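Student: Numbering of the sequence shown is given in full-length UniProt numbering, commencing with residue 1 and proceeding in unit increments.
Sending over a structure as structure tokens; questions will come in a sec.
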Amino acid sequence: VSQPEGPIPTSRLFFAAEHIHGSPFQLAVYPANTCGSLSTAYGASVSLATAGLASYMTIQARDHLGNNVSSTDDVFLIHARTKDLSNIPDISGTVSSLGDGVYKAGYIPTTKSSEGQELFVQLAIPGGLMATYYDESNFSHPARTIISPTVMFESNASCLSCWNPDGNDLQAYSIRYEGFISPPGQQRYTFSTEVGGSDERVRLWINNVMVIDQWLSISSIQPSGTFFVDNGDQLYSLSMEYQKVPVNLSM
1 VSQPEGPIPT
11 SRLFFAAEHI
21 HGSPFQLAVY
31 PANTCGSLST
41 AYGASVSLAT
51 AGLASYMTIQ
61 ARDHLGNNVS
71 STDDVFLIHA
81 RTKDLSNIPD
91 ISGTVSSLGD
101 GVYKAGYIPT
111 TKSSEGQELF
121 VQLAIPGGLM
131 ATYYDESNFS
141 HPARTIISPT
151 VMFESNASCL
161 SCWNPDGNDL
171 QAYSIRYEGF
181 ISPPGQQRYT
191 FSTEVGGSDE
201 RVRLWINNVM
211 VIDQWLSISS
221 IQPSGTFFVD
231 NGDQLYSLSM
241 EYQKVPVNLS
251 M
């Protein structure tokens with residue numbers, strides 16, 4: 001064995017003639033936890049449905065390396081959103097386990113839309129919301145994405161580094177929280193938040209229905225809104241946007 005420059009020195013050659021006791025071992029490799037981005041959904045209903053008729057598809061759970069997973073308790077969600085009609089509630093479907101990492105998902109579309117619908121099939125993981133911090137006020141330049149156990153806007157020392165690299169209150173920034181909420185039962189709920197002043201804006205959607213809209217102007221520093229939950233066993237989509245533009249900066 002040689003290299004272009006000459007023979008390979010003995011110090012760079014190694015032999016392994018003897019295995020340690022028991023080697024080679026018989027190793028069983030199991031898949032990792034389910035990964036939503038590598039799990040797959042297939043069937044005609046992924047792209048075509050008829051209003052009023054149940055549409056079904058199959059989900060195969062996979063881990064982050066693409067291995068099939070044999071789970072039966074993953075929380076997959078399916079919901080459709082009308083693209084050309086604003087403030088229309090999402091159409092939620094049902095997902096049931098068929099065993100061995102395979103799930104059956106179905107929903108019934110009800111609204112004909114010239115622009116069609118967006119069909120979301122997602123894996124829901126408990127523990128908080130996906131929070132994306134932007135270093136400007138228009139959600140254009142993401143600076144950081146984390147899983148946030150709470151929704152927090154305050155400019156305190158513990159969270160300044162999340163969204164404010166300058167470490168002061170003179171920088172414009174925005175935050176978008178996204179995920180799902182599991183209400184404890186069927187009833188009307190009041191959602192409320194608090195902003196610090198006229199340089200802050202906030203809006204909230206539950207199930208694609210706007211619940212709080214304090215974006216163009218400030219009418220209260222404690223805006224609130226209500227949403228009626230008609231199915232306590234369902235997870236509802238949640239999206240909250242926050243914007244801060246200091247008074248010395250233009251909107």
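For glycine and all other residues, C-beta sits at the position ideal for the given N, C-alpha and C.
This one's a predicted model, so the numbers in the text were calculated from it and none came from an experiment.
Between the alpha carbons of D100 and C35, how many angstroms are there, rounded?
Tutor: Computed Cα separation, rounded: 15 Å.
Student: Give the C-beta separation of A143 and V245 to the nearest angstrom, bearing in mind that I take them to be a contact with Cβ-Cβ under 8 Å.
Tutor: With 8 Å as the limit, A143 and V245 do not qualify as a contact, their Cβ atoms being about 16 Å apart.
Student: Apart from the five residues on each side of it in sequence, which residues of its chain come closer than 7 Å, Cβ to Cβ, to Y189?
Tutor: These residues qualify, in order along the chain: P183, T226, F227, V229.
Student: Can you say whether Y134 is buried or exposed, counting buried as having 16 or more other CB atoms within 10 angstroms of its CB?
Tutor: Looking at its Cβ environment, which holds 16 or more other Cβ atoms inside 10 Å, Y134 is buried.
Student: Quick one: measure Cβ to Cβ for S237 and D90, integer angstroms, because I've assumed they're closer than 8 Å.
Tutor: Contact holds; Cβ gap of about 6 Å.
Student: CB Y103 to CB S55, shorter than 8 Å?
Tutor: No, these two residues do not count as a Cβ contact at 8 Å.
Student: Below 8 Å, how does it come out for the stretch 63 to 81 and the stretch 22 to 32: are there three or more Cβ pairs, yes or no?
Tutor: With the cut-off at 8 Å, the stretch 63 to 81 and the stretch 22 to 32 touch.
Student: Spatial neighbours of Q117 within its chain, please: CB distance less than 7 Å, with the 5 preceding and 5 following residues excluded, ordered by chain position.
Tutor: Cβ within range, chain order: A80, R81, T82, K83, P109.
Student: Measure the alpha-carbon distance for N156 versus V195 and round it to whole angstroms.
Tutor: With a pLDDT of 45 at N156, under the threshold of 50, the predicted position of this residue should be treated as unreliable, though the coordinate-derived value follows. Each residue's Cα considered, the two are about 14 Å apart.
Student: Which two residues bound the contiguous beta strand (DSSP E) that contains D213?
Tutor: That run of the beta strand (DSSP E) goes 209 to 214.
Student: If contacts are defined as beta-carbon pairs under 8 Å, then I88 and T111 qualify, I think. What distance do you get, rounded to the angstrom?
Tutor: I88 to T111, Cβ: 7 Å. Contact.
Student: So A105 and A41 are in contact, right, with Cβ under 8 Å, and what is the actual spacing, rounded?
Tutor: Confirmed, Cβ separation roughly 7 Å.
Student: Could you tell me which of V121, F120, S174 sits nearest to S137, measuring between CA atoms?
Tutor: For the residues V121, F120, S174, the minimum Cα distance to S137 belongs to S174.
Student: Work out the CA separation of S217 and Q234 for me, nearest whole Å.
Tutor: When rounded, the distance between both Cα atoms is 33 Å.
Student: How about V209 and Y177: are their beta carbons less than 8 Å apart?
Tutor: Cβ distance not < 8 Å, so V209 and Y177 don't count as in contact.
Student: So the candidates are D199, D63, N207; which of them puts its Cα closest to the Cα of L123?
Tutor: Ranking the options by Cα distance to L123, first place goes to D63.
Student: Cα-Cα, which of S97, M57, G52, F180 is closest to D74?
Tutor: D74 has its Cα closest to that of S97, out of S97, M57, G52, F180.
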